[in-house]
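From first to last, the protein sequence lines stand for chains A, B, C and D. Sequential numbering from 66 applies to the first sequence in our numbering. Sequential numbering from 68 applies to the second sequence in our numbering. Sequential numbering from 3 applies to the third sequence in our numbering. Sequential numbering from -5 applies to the fourth sequence in our numbering.
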Amino acid sequence: MAPIGTLHYLVTAAALFILGVIGVLTRRNVVIILMSIELILNAVNLNLVAFSRLWGLHGQVFAIFVITDAAAEAAVGLGILIAFFRNKETVNVDEVDLLKW
Amino acid sequence: MQPVATTFFFYFLAGLTLLSGVFVITRKNPVHSALALIFGLLAQAGLYLMLYAPFVAGVQIILYAGGIMVLFLFVIMLVNIERSQREEQFNKQWLVGLLAAIALGGLFVMVYVKGKALFPYPIAQPLENSNTQQIGVMLYGQYMFAFEIASLLLLVAIIGAVVMAKKRI
Amino acid sequence: MLNYITSYLRSNTTPGQAGNVFWAFVYIMVVFGGVSVAVMAMNWLERKALAHFQIRLGPMRVGPHGLLQPIADAIKLMTKEDIIPAEADKFVFWIAPLIILCASFAVYIVVPFGPTHAITDLNIGILFMLGVSSLSVLGVVMAGWASNSHYPLIGALRSSAQMVSYEVAMGMAVVSAVLMTSLHGLGPYGVGAGTSGTGTLSMIGIVQAQQEQHVWFLFKFFPLGFIAFGIFAIAMVAETNRAPFDLPEAESELTAGFHTEYSGLRWSLFMLGEYAAMIAVSSIAVTLWLGGWFRPFPNTLTGETWDLVFSLFPGLSFLALAVIAFVGVRRMPKHPYFRVQTIGLAGFGAVLALIGLILFAPPVRDRVQDIFWFVAKVAGFMYLYIWYRATFPRYRFDQLMKVGWKVLLPIGIGVLILTAILGVVL
Amino acid sequence: MTDRTMIDSKAIDPKTTASKVADPYLSHLELDQPDKTFLDSNELVINMGPQHPATHGVLRVILKLDGEKVLGTECVIGYLHRGVEKIAENRTYTMFNPYVDRMDYVAAVSNGLGYCEAVEKLLNIEAPPRAKYIRVILTELNRMASHQLWLGTHALDIGAMTPLFYTFRDREEILKIFEKYCGARLTTHAFRIGGCQYETYEGFERDVTKFLDFVPPKIDEYEELLTSNRIWLERTKNVGVISRADAIALGVTGPVLRASGVKWDLRKAQPYAAYSEFDFEIPIGANGDTYDRYTVRMEEMRQSLRIIRQAVERIPEGPIMAKVPKVIKPPVGEVYHSIEAPKGELGYFIVSDGSTQPYRVRVRPPSFVNLQALDVMVRGALVADVIAVIGTLDIVLGEVDR
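The following block contains the structure:
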């Protein structure tokens, strides 16, 4: 077996990213879409950390920022979801078709 | 650690990550999705450890698996999931989405094949024990401004989430 | 191969750091077994101590003074019917106790029982401990949700809110202790002043920092370390869902909280996880504030004589337990019906005495000392847990939140800031 | 919009929504919006009991919750209904006497006292002084026992386990005295119509005096565990408040009424037995919250001890039984007699048609009336407060359901 290099991690991250994109594009449940976004962010993180192995720690610092961002995104996203659910009684993203209610 | 173990653990953790990703986007029940995502995140923390990024791994566990996922589970329980399960799971443009994703994947493959030389096998580096400390120095030195912005962002997110989710403010 | 095994013994690091898989495996087995035994002992002790608080006898029937009661309980729980409610989500219901169990046992990877007696020493040790122990929230939430019933759901919501809230206060207290590792300011003995160095997150490193600074962090910057410890000591009780913060399983309100629908082995996994988590957080407190594996008074009572005296403690304590057992033998009723029990208790006492005598042997003595002091300190916390349970009424949910967010958290932040300021000034 | 119709046609989801079953008990809880979830208000309806560790038997409380906040309660009773009042119509006056012990089984002596005095009033006879003193001693001992049991279970409901065992230890001494006196510990059947059946046993006074010396430090011990305990204060102060006016309007009696600041105690207001001859205080509270009810009951225990001490010291010699006809056949008429039971006003309304059996017996149980205050007391409070309030009302389901 070949030794594990950066490329291995990059390929893993790319696959994870694609999975996330598929999730966002095809699912209708808002919760799962948000989770898919987390997958995408994680794929980015994996890339950053893998690169930080080659080119210094900046990648890791950025990964931490990305995690912070993910936390903020999840909080706001889920807050919107709850507000949405309270009004429409559904978590189907296709139903989000009004600008105002 | 021996190279064999490294290889094994990489494939194991990477496989777990991808498998859980697949489960996340295919499960009907959001709780199962969330469970899969948790395992994926933990596996990814393992991958970070293998990349000598213990601090990121720790943050991943404490924030992602322990914090954000609890938030997700909470919300899933609050919204009526049984109903959403009965609905159609995939939207009408799933084929287009799939095509777009495959195109994206093709792009990645192309980039990696063309730029393989850019990503050399990392030279065996010594164990970086003070890694965490350097990250701290960087966060509070070079990236001070970004760090403060991030804290502001979190504050805004807290307020935003409260405003959104609360019934009567 | 043999060399691979023995080479570790000559090194002075943990097996994880030495990269010695064999010894790491041995350590994992020992720690896992030890914690399981400790949980069983804790079970017996809690029932016994609680009973004596409450002028009862507690378990008396299975074995002398109920010593075999935990084993009998374990057998009972294993043979009980394992019920999964019809409407439950089978998979999640099945995996929830395992999550809790794994989370609370994984923590022990970095618990330092001695300078070399840990499975490994991560340089993010304390972060790892906090992170992994926070994972048990997931198990609680899932158990409550999967049961598909009102009481468990409310219990799960309560308990996850509680655990998440108290984690914040706990984190603040921990950070102030971690900060102290880098501040070599004036300890009570004025040693090491002005040599501010780098801090550490590693569990062994934290204890060693206390050694270098010649002070337990409990007494560092006097009231500050003490307050931080107090915050942690309160938050850890809340974190493990024990009285007086046992709302998630408040018997009188929610029957049994998130594990209402669980029975048999699965239920016992919850209990195992809970007790293991109690021991784990106590060991965090011991490591961070009470000098980990160091004996008491390392600064005032110095010298060879005192070292010798303190090194006799492990053996002496076992001998004392043996004496208690023998007194129990004397007090056993002389009826033939009790003969087996009397012999059993005498045998138990003899085993304890034997262990005590072995612990007096110099080579064993030196190696076991660290572990003994660590375990003794943790045991003190375990006793506190029981004491709390016997004494306090239960908080109401909003009061619990109030205590967490409006009392502990601000104090924690204040202590953190003051510690930082003091560290810079001194 | 196909999903919409699908949703509406589906059965409601049992996890997060209220059951739509037409339950007569639930009518006032306005459950007409069943398809709501956790996010909306007025959604969660919980059945607390009848199998619940904190409802003191078989009380079923239907709680309508908004999160943890209580929007309304409905008590469903009758799980322990044994038709005591109906039984009375088929028994002679004497035969019915033991049955009353089974109502408030933790204060059986008080029940017996109320019944015997009611019948005596109907017969227009009076028990001799010595019998009256014995009655006072036993009834007050029983009040102690009842309050001790209340304290233990109430503290247990709030989460303090230990007081339960302490109170049971001390209650045991009272039960021992009962056992020595009449052979029974719980449902004593201590009194007869016209007096007492048994003369006090040899050493009765010594036992009681010993108990009187033994118990005050124990009461201090309970108070030490609870009275100034911070958590206890937070759990009980301003919890389940009932105002003076509300308490009177709801007909609440006993310590619950007195904690709201009404100085009403039948032992003083309408003295029965020998109570007019003793000197004691009526403790009252100020706020009518759970803590006041606790302090009132604690003080009542001490006052009981005071009464018992006076009674033991002054107990007169003489007969213990008045002249009662062999066959009790009261004149046609009706009578209402009430006493201050540990839980409040215990009243007996007896209608006689001149035969050997009562035409109708109606009991006014204090627990039943006090229980009606539950809804007022817990509205807007949290679930945990419901537990505390049920505990503080000190209900006995045997008496509520009869």
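By construction, the Cβ of each residue, glycine as well, lies at the ideal position given by its N, Cα and C atoms. Source: prediction; values computed, not measured.
- Taking the alpha-carbon positions, what's the C/D91 to B/L104 distance? It is roughly 18 Å from the alpha-carbon of C/D91 to the alpha-carbon of B/L104.
Q. How is the beta strand (DSSP E) around D/A335 delimited, first residue to last?
A. Residues G327 to A335.
### Message
Within a Cβ cutoff of 8 Å, which residues of the same chain sit near B/H99, ignoring the five residues on either side of it in sequence?
### Response
Residues of the same chain with a CB within less than 8 Å of the CB of B/H99, apart from the 5 flanking positions on each side, are F90 in chain order.
7 Å is my cut-off, CB to CB: does D/P28 come that close to chain C? Caution applies to D/P28, whose pLDDT of 45 falls short of 50 and renders its modelled position unreliable; the value that the coordinates give is listed next. It does not: the Cβ of D/P28 has no partner Cβ on chain C nearer than 7 Å.
**Proximity test, Cβ basis, 7 Å: B/A168 and chain A** = It does: the Cβ of B/A168 has a partner Cβ on chain A nearer than 7 Å.
query: Straight-line CA distance for D/R186 to D/T88?
result: Counting only the Cα atoms, D/T88 lies some 8 Å from D/R186.
Exercise for the section: Taking only runs that begin and end inside the segment 359 to 408 of chain C, name each unbroken alpha helix (DSSP H) of 4 or more residues, in chain order. Expected result: The segment 359 to 408 of chain C is shown to contain whole alpha helix (DSSP H) runs of 4 or more residues at 364 to 393 and 399 to 404, in chain order.
Tell me the rounded alpha-carbon separation between D/L59 and C/R396. It is roughly 21 Å from the alpha-carbon of D/L59 to the alpha-carbon of C/R396.
Leaving aside the five residues before and after D/P146 along the sequence, list all residues of the same chain whose C-beta is less than 7 Å from its C-beta, in chain order.
According to the sequence displayed, residue 146 of chain D carries Gly and not Pro. These residues qualify, in order along the chain: P157, L158, T161 and F162.
Review point. Since C/I121 and C/Y6 are thought to touch, with beta carbons under 8 Å apart, how far apart are those beta carbons, to the nearest angstrom?
Key: Contact annotation, C/I121 with C/Y6: C-beta distance approximately 18 Å; criterion of less than 8 Å not satisfied.
Query - Identity of the residues DSSP links to D/S346 by a beta bridge - result: For D/S346, DSSP records a beta bridge to D/G327 and D/P352.
- [ ] Please report how far the alpha carbon of C/P61 lies from the alpha carbon of C/H54, in whole angstroms.
- [x] For C/P61 and C/H54, the gap between their C-alpha atoms comes out near 11 Å.
Taking the continuous beta strand (DSSP E) assigned at D/L279, which residues delimit it? A small correction: the amino acid at residue 279 of chain D is Gly; Leu does not occupy that position in the sequence shown. Unbroken run through D/G279: none, as it is neither H nor E.
Contact set for D/Y192: own chain, Cβ-Cβ below 7 Å, skip 5 residues either direction: Closer than 7 Å at the Cβ level, and outside the excluded window around D/Y192, lie Y175 and C176.
Do the segment 135 to 147 of chain C and the segment 204 to 221 of chain C make contact, defined as three or more Cβ pairs closer than 8 Å? Output reads no: the segment 204 to 221 of chain C does not touch the segment 135 to 147 of chain C.
**OP:** Measuring only between beta-carbons, confirm whether A/V161 sits less than 7 Å from chain B.
**Re:** Chain B contact via Cβ: absent.
Comparing the C-beta of D/R229 with each C-beta of chain C, is any distance below 7 Å? Look at D/R229: its C-beta is under 7 Å from a C-beta on chain C.
Taking only beta-carbon positions, decide if B/V98 is within less than 7 Å of chain C.
-> Closer than 7 Å to some Cβ of chain C, the Cβ of B/V98 qualifies, so yes.
**Message:** Taking the straight line between their C-alpha atoms, what separation do you get for D/P92 and D/H183?
**Reply:** So the two alpha carbons sit approximately 5 Å from each other.
Excluding five sequence neighbours on each side, which residues of the same chain lie with their C-beta closer than 6 Å to the C-beta of D/T86?
Non-local beta-carbon contacts of D/T86 in its own chain, meaning distances under 6 Å to residues more than five positions away in sequence, involve T350 and Q351 in chain order.
Can you find at least 3 beta carbon pairs, one from the segment 259 to 273 of chain C and one from the segment 335 to 354 of chain C, that sit closer than 8 Å?
Result no; under three Cβ-Cβ pairs closer than 8 Å.
Review point. When we look at the beta-carbon of C/R333 and count the other beta-carbons within 10 Å, is it buried (16 or more) or exposed?
Key: Counting every other CB atom within 10 Å of its CB across the protein chains shown gives C/R333 a total below 16, marking it as exposed.
Any beta carbon of chain A sitting closer than 7 Å to that of B/I105? Chain A, which has no Cβ nearer than 7 Å to the Cβ of B/I105, makes this no.
Q. Mapping DSSP to helix, strand and coil, what is D/E24?
A. Low per-residue confidence applies at D/E24: pLDDT is 48, beneath 50, and the placement is therefore not dependable, though the value from the model is reported in the following sentence. D/E24 falls in the coil class under three-state DSSP.
| task | Determine the chain A residues that contact B/Y115 at a beta-carbon separation under 9 Å, and present them in chain order. | result | For B/Y115, the C-beta contacts it makes with chain A under 9 Å involve N110, L111, V114, Q125 and A128, in order along the chain.
Would you verify that the beta carbon of A/A78 is, or is not, closer than 7 Å to some beta carbon of chain B?
-> Taking 7 Å as the CB threshold, A/A78 stays off the interface with chain B.
Which of helix, strand or coil DSSP assigns to C/F296: In this structure, DSSP gives C/F296 a state outside helix and strand, which the three-state scheme calls coil.
message: Below 7 Å on C-beta distance, what does C/N22 contact in chain B?
response: In chain order: nothing, as chain B lies at least about 11 Å away.
Expected contact under 8 Å - CB spacing of D/D259 and D/E173 to nearest Å:
With 8 Å as the limit, D/D259 and D/E173 do not qualify as a contact, their Cβ atoms being about 29 Å apart.
Checklist line | C-alpha distance - D/V345 paired with D/E328, whole-angstrom precision | finding: Between the C-alpha atoms of D/V345 and D/E328 there is a straight-line separation of about 4 Å.
Taking only runs of the alpha helix (DSSP H) that begin and end inside the segment 118 to 142 of chain C, which ones reach a length of at least 4 residues, in chain order?
Taken in chain order, the unbroken stretches of alpha helix (DSSP H) that lie wholly in the segment 118 to 142 of chain C and span 4 residues or more are 127 to 136.
Practice task
Go to B/L109, then tell me how far its alpha helix (DSSP H) extends in each direction, as first and last residue.
Solution key: First-last of the alpha helix (DSSP H) with B/L109: P97 to M117.
Please compile the residues from chain B whose C-beta is within a distance smaller than 7 Å of the C-beta of C/V331.
-> None at all; the shortest Cβ gap to chain B is about 49 Å.
At the 7 Å Cβ level, is D/K9 part of the contact set with chain C, yes or no? In this prediction, D/K9 scores a pLDDT of 43, lower than 50, which makes its location untrustworthy; no coordinate-derived value is stated.
* Starting from the C-beta of A/L106, find all residues in its chain whose C-beta is less than 7 Å away, skip the five residues before and the five after it, and write them out in chain order. => Spatial neighbours of A/L106 in its own chain (CB-CB distance under 7 Å, excluding positions within 5 residues in sequence) are listed in chain order as V131 and A135.
| Are C/V177 and C/G201 closer than 7 Å when you measure CB to CB? | No. Outside cutoff.
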